[in-house]
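At position 89 of the sequence shown the residue is numbered 89 (the UniProt record's numbering), and the sequence of numbers has no breaks.
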Amino acid sequence: MTAVECLIHPWIKPLNRKQAVNRSRSSINMKNFKKFNARRKWKLSYNMVSACNRLCRMKLLCHPAKSDEDLRQCESDQEDEKTKPATLLRRRLSSCS
């Protein structure tokens, strides 16, 4: 059975207008379900962003802003330091082998 044949199957495509109306009133109306699901996902995203903004505001209220120098002391920012290539390639010896 091809995809086109599947789409025109009576289980998928209603045979007449009465079947179409009956299906639109069925317990799971796909059009309404998709609309509901999209609204639910949007609401979830909105609530997540709202919670993040709230947490950021609380952090700013509790802790005064630090200078840029204090904020940029990250390990990944230490690019000027030279590391030996041998230390990067060294493997740990296994006690099992």
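Glycine included, every Cβ here is placed at the ideal spot set by N, Cα and C.
Extent of the continuous alpha helix (DSSP H) run through residue i
i: N29; result: Counting along the chain, N29 falls outside any alpha helix (DSSP H), and DSSP gives it neither H nor E.
Distance CB(residue i)-CB(residue j) smaller than 8 Å
i: residue 157; j: P14; result: This structure cannot speak to residue 157, because the chain is shown only from 1 to 97.
Under the three-state DSSP convention, the category residue i falls into
i: L15; result: coil
i: M58; result: helix
i: M48; result: helix
Same chain, Cβ closer than 7 Å to residue i, five either side skipped, listed in chain order
i: A20; result: P14
Neighbourhood of residue i by C-beta distance below 8 Å, restricted to the same chain and skipping five residues each side
i: C6; result: I12
i: K31; result: S24
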